[in-house]
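In our numbering, the protein residues as written are 31 to 381.
Here it is in structure tokens:
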């Protein structure tokens, strides 16, 4: 969770977490709130998948935290911003420059996702500072994020300024609008469809904070089960001579085709028997789901996407401590809610 106070120096091992199942890891480069300190950075979480790194939020000082970690800046190819408060976004221009120093001009663009206004923020910061070490990048903005904290604070006034023309390193991005989904109980929810690739999908949904804010849900596709080679190989060896007559010199060369069997399919053998998918393959491996929420006092609008998650990263900015906060714990909790944040008990309750 996140917190405002210094909690002491945290070892690198303690700030990394492996998601069981495949080579997916989470790196917590910053878990603080409001401002960085000498021992703790503000919001930044990195997910490693298959050799690439996806960054979620980039608060001030993220450059320093990156250089203290094993995360390779040049391998960061996607950055997701939950909202545009400074402790989640002020580090972004510097991070882009750090990435630019580590990448070639021929590399694919870095893909940025975030609320409307992100494109203006990045473009203006880089243009005014005359930054040179910038990778090619695209900004995809999420539009029409509802302001869910209206009962407790006034919605921020839209900022209207002249946006500088995009520089050669900026490529056109998408404006992404929400889609309504109907839930099992008949109610409707909003989500933004960001990424649909064969191996992974990313969605966003609104969460309640003092500015428009979203949570991101990363969902792996289900994967075929592992090949039961100890069961399959003896069957192939029994057919070695017959397979050789059919031009197959090494029965092992058929393992790839057998592993590609879909449920209900079979692989015929020369002796008249068949290897069916169910006996050749272990059960389908369910893809993992990782949920990374922005600052929030209520993430229920994201629940339809977050159900059955393997990992949920949820803030806990304020913790009640009687010796510092006095006897009114209920008043403390209410003040935390009014500021759009959560206590550890709120984060725990989402289980």
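Every residue, glycine too, gets a C-beta built ideally from N, C-alpha and C.
{"query": "Span separating the alpha-carbon of residue 131 from that of residue 162", "result": "9 Å"}
{"query": "Beta-carbon contacts of residue 104 that lie in its chain and below 6 Å, excluding the five residues immediately before and after", "result": "132 and 133"}
{"query": "Separation of residue 255 from residue 222, as counted between CA atoms", "result": "30 Å"}
{"query": "Proximal residues to residue 332 (C-beta, below 6 Å), its chain only, five neighbours per side dropped", "result": "235, 237 and 245"}
{"query": "Contact under 8 Å by Cβ, residue 281 with residue 271", "result": "no"}
{"query": "Cβ neighbour criterion (16 or more within 10 Å) applied to residue 44", "result": "Low per-residue confidence applies at residue 44: pLDDT is 35, beneath 50, and the placement is therefore not dependable enough to give any value."}
{"query": "Paired residues, beta bridge with residue 330 - DSSP", "result": "Per DSSP, none; premise fails for residue 330."}
{"query": "Beta-bridge pairing of residue 86 - partner residues as DSSP gives them", "result": "75 and 110"}
{"query": "Inter-stretch contact (C-beta, 8 Å, three-pair minimum) for the region 62-74 and the region 86-103", "result": "yes"}
{"query": "C-alpha gap between residue 187 and residue 316, whole angstroms", "result": "43 Å"}
{"query": "Three or more C-beta pairs below 8 Å linking the region 136-155 and the region 105-125", "result": "yes"}
{"query": "Own chain, CB closer than 6 Å to residue 229, minus 5 neighbours either side, in chain order", "result": "251"}
{"query": "Start-end ranges of the beta strand (DSSP E) lying completely within the region 89-143, minimum 3 residues", "result": "106-110"}
{"query": "Close-in-space but distant-in-sequence residues of the same chain around residue 364 (CB under 8 Å, 5 per side omitted)", "result": "none"}
{"query": "Residue 205, DSSP secondary structure in three states", "result": "strand"}
{"query": "Reference residue 75; option with closest CA among 81, 69 and 96", "result": "96"}
{"query": "Straight-line gap, residue 327 to residue 286 (C-alpha atoms, nearest Å)", "result": "49 Å"}
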